[in-house]
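Chains as they are written, first to last, in my numbering: chain F, 2 to 234; chain D, 50 to 448.
Read through the structure below, which is laid out as structure tokens, and then see the notes.
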């Protein structure tokens, strides 16, 4: 595969002059080869969205549990915090005996990294709900469940989505190392020709672009669902 | 289905106007504390009356209020709402029938004003049209413009406006009982006074049974039909009408709490029309002087008040006015200050004190002389037993 690529590079080099040979930044080469980044880009999207989605489901559930039983906050923060501190390279290798090489390993590891951030932000969001709003809600006859879904969670949305944004951008970055676990993504592309500037710029640039797009999407979502935050006298 | 759910509460409306409330030896004791927070509290609030719980901080007044809707559960004793124990009820259901307004208001910042007010109607499953109509009605009731306010968020309103929305929200399903914990506590003095007056006017319309918690004795006197003064340890020090409380404090504690200006506070509870005024000699120009002198002899002060054909006061006549056969227009001093029958006695006293004469004609709604008010008249009133206790509601009543 690597050989093919170099062969192709060399074939095209006739038009790109010495640029490619010198591993330089070659706009012509990029224009001719952008399609080789399409599949890795969407793999990278998958390696970001799936772990963040699963991580959110797990962390959100844990946060709701811990919200009712505050004593759980400490232990859950401890465990997710410990997962967060495992160096990613080590994590990918440690998981391989269990899940083998490939996307599964990468997704499991990346999911683990999102837990702490999302869990902590959901808890912080729920705690930031004004006590008087909760008191008024209970005093008007909302049950605990109604209080949670109609008052506490809507008011925690900005904090929760802030956590989701950090988790997402972090995961885009970490997913670039997922090739170590045998998964694809832009990281694999980077790793293929790490000293070829054109490749590094395009693959790296696409990762940054992906992070920016996802971040902007969540930010837009947040603005849509929290109209009260923008309303001012 | 929709018809049924929207019709049912309307039918109940007639008997939802107001409920009676009774504390029967209500006690709250927290574990690990020697003194109870509320100690054997017994009192009855008749339907449609405002009962103010007042006392220094830590006296258990808020705890006592929160026992009613089971935000806090009783340790012993009972609380009866319309004769039925609150302990038999599911807390959430009970609370939906009891209006709840607190000092911090607790509006939901993420919901529009309309949605905030619609909270309890939605819990009870009202249909959309009914909720929408009710929201408009309530906003008007608390003097807010529905079209301007409905779609705004709490963060866009002033403190006073938010307070009104809080009251409107508490009234949403026309609850027979309202609990209000220092609802005007966080408002500046000028707006607080306005909101209190509005609140009393509102109460005239809605006639709810209200438990009102405050630490401010002046607010208690102004608002309450009955006042329960609590002291540390959650003990009831006295339960009485404002006038009784000011006249006959039962203990040193109550006397101190009510304040050394008790007499002045009583004046704030009474209107000029409530006390016996001096009779005035009303005299017209051209009237026979002998007749005028007879009127003076029959009146409570040694001079005559010149009035016009509409019996409006023109001024106090000098002796020279009676030298001829007929009364002449010879005014010694103007008819000032002029007091109205509907003036609060305390304000009238202030007028008298700032004038030179220390007495002044009292006029009715049409400007006709009804008598004379003087410092002596007020002094005499303060030495009497309280006539009948006037509630704050009657006091703001407009003629």
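Just so you know, even glycine gets a beta-carbon here, dropped at the ideal spot from N, CA and C.
If you're wondering where the values come from, they're calculated on a predicted model, not measured in any experiment.
Check your understanding: With distances taken from CA atoms, which of D:161, D:431, D:401, D:246 is nearest residue 384 of chain D?
Key -> D:401
Point to revise | Cα-Cα separation between residue 30 of chain F and residue 199 of chain D, rounded to whole angstroms | key: 60 angstroms
Point to revise | Those residues which DSSP pairs with residue 100 of chain D across a bridge | key: D:260, D:275
Check your understanding: Would you call the CB atoms of residue 408 of chain D and residue 355 of chain D closer than 9 angstroms?
Key -> no
**Study point:** Sufficient close CB pairs (3 or more, under 8 angstroms) joining the stretch 185-193 of chain F to the stretch 40-56 of chain F
**Key:** yes
Check your understanding: How many Å lie between residue 97 of chain D and residue 287 of chain D at the Cα?
Key -> 21 angstroms
Practice item. Kindly list the residues whose CB is nearer than 7 angstroms to the CB of residue 210 of chain D, restricted to its own chain and excluding five residues on each side of it in sequence; keep chain order. Key: 193
Check your understanding: Between residue 446 of chain D and the rest of its own chain, which residues show a CB-CB distance below 8 angstroms, the 5 nearest in sequence each way excluded?
Key -> For residue 446 of chain D, the predicted model reports a pLDDT of 42, less than 50, meaning its position is unreliable; a value from the coordinates is still stated below. Same-chain partners within the cutoff: 253.
Review point. Whole-angstrom Cβ separation of residue 394 of chain D and residue 321 of chain D, contact assumed at under 8 angstroms?
Key: 6 angstroms
Review point. So which residues on chain D does residue 144 of chain F lean against when the C-beta distance must stay under 8 angstroms?
Key: 141
Point to revise | As assigned by DSSP and simplified to three states, the class of residue 15 of chain F | key: Here the model assigns residue 15 of chain F a pLDDT of 46, short of 50, so the residue's position is not dependable and the matter cannot be decided.
Review point. Cα-Cα, which of F:87, F:130, F:118, F:114 is closest to residue 156 of chain D?
Key: F:130
**Study point:** Per DSSP, the bridge partner or partners of residue 133 of chain F
**Key:** Answer by DSSP bridge pairing: none, since residue 133 of chain F is not bridged.
Practice item. Anything in the stretch 146-168 of chain D with a Cβ closer than 9 angstroms to a Cβ of chain F? List those residues in chain order, please. Key: 146, 147, 148, 149, 150, 151, 152, 153, 154, 155, 156, 157, 158, 159, 160, 161, 168
Review point. If we ignore side chains and look at the alpha-carbon of each, how far apart do residue 15 of chain F and residue 33 of chain F end up?
Key: With a pLDDT of 46 at residue 15 of chain F, under the threshold of 50, the modelled position of this residue cannot be trusted; read the value that follows with caution. About 13 angstroms.
Check your understanding: Would you say residue 113 of chain D faces chain F, with C-beta separation under 9 angstroms as the test?
Key -> no
Practice item. Check whether the stretch 241-257 of chain D touches the stretch 218-232 of chain D, counting contact only when three or more Cβ pairs, one atom from each stretch, lie closer than 8 angstroms. Key: yes
**Study point:** With 16 other Cβ atoms within 10 Å as the buried cut-off, status of residue 62 of chain F
**Key:** exposed
Check your understanding: Exposed or buried, what is residue 177 of chain D when buried is set at 16 or more other beta-carbons lying within 10 Å of its beta-carbon?
Key -> exposed
Practice item. Please go through the same chain and pick out, in chain order, the residues whose beta-carbon is closer than 7 angstroms to the beta-carbon of residue 373 of chain D, but skip the five residues on each side of it. Key: 338
**Study point:** Residues of the stretch 174-205 of chain D whose Cβ lies closer than 9 angstroms to any Cβ of chain F, in chain order
**Key:** 201, 202, 203, 204, 205
Review point. Going straight from the alpha carbon of residue 216 of chain D to that of residue 80 of chain F, what length do you get?
Key: 46 angstroms
Review point. Which chain F residues sit within Cβ distance under 8 angstroms of residue 118 of chain D?
Key: 140
Check your understanding: What span of residues does the alpha helix (DSSP H) with residue 173 of chain F cover, start to end?
Key -> 154-176
Check your understanding: Between the C-alpha atoms of residue 195 of chain F and residue 217 of chain F, what's the straight-line distance to the nearest angstrom?
Key -> 29 angstroms
Point to revise | For residue 76 of chain D: DSSP bridge partner residues | key: D:125
**Study point:** From D:261, D:249, D:270, residue whose alpha carbon lies closest to that of residue 227 of chain D
**Key:** D:261
Practice item. With DSSP collapsed to three states, give me the class of residue 191 of chain D. Key: coil
**Study point:** Contacts around residue 416 of chain D, its chain only, beta-carbon distance under 7 angstroms, and the 5 residues preceding and following it disregarded
**Key:** 359, 361
Check your understanding: When you compare only the Cα positions, how much space is there between residue 20 of chain F and residue 27 of chain F?
Key -> 6 angstroms
Practice item. To the nearest angstrom, report how far apart residue 146 of chain F and residue 138 of chain F are at their CA atoms. Key: 11 angstroms
Point to revise | Among D:290, D:251, D:162, the one whose alpha carbon lies nearest that of residue 207 of chain D | key: D:162
Check your understanding: What are the residues of the stretch 169-195 of chain F that lie near chain D, defined by any Cβ-Cβ distance shorter than 8 angstroms?
Key -> none
Check your understanding: Cβ-heavy atom distance between residue 85 of chain D and the ligand HEM below 8 angstroms?
Key -> With respect to small molecules bound, the structure shown includes none, and the ligand HEM cannot be examined in it.
Check your understanding: Three-state secondary structure (DSSP) at residue 110 of chain F?
Key -> helix
Practice item. Return helix, strand or coil for residue 88 of chain D, following the three-state DSSP convention. Key: strand
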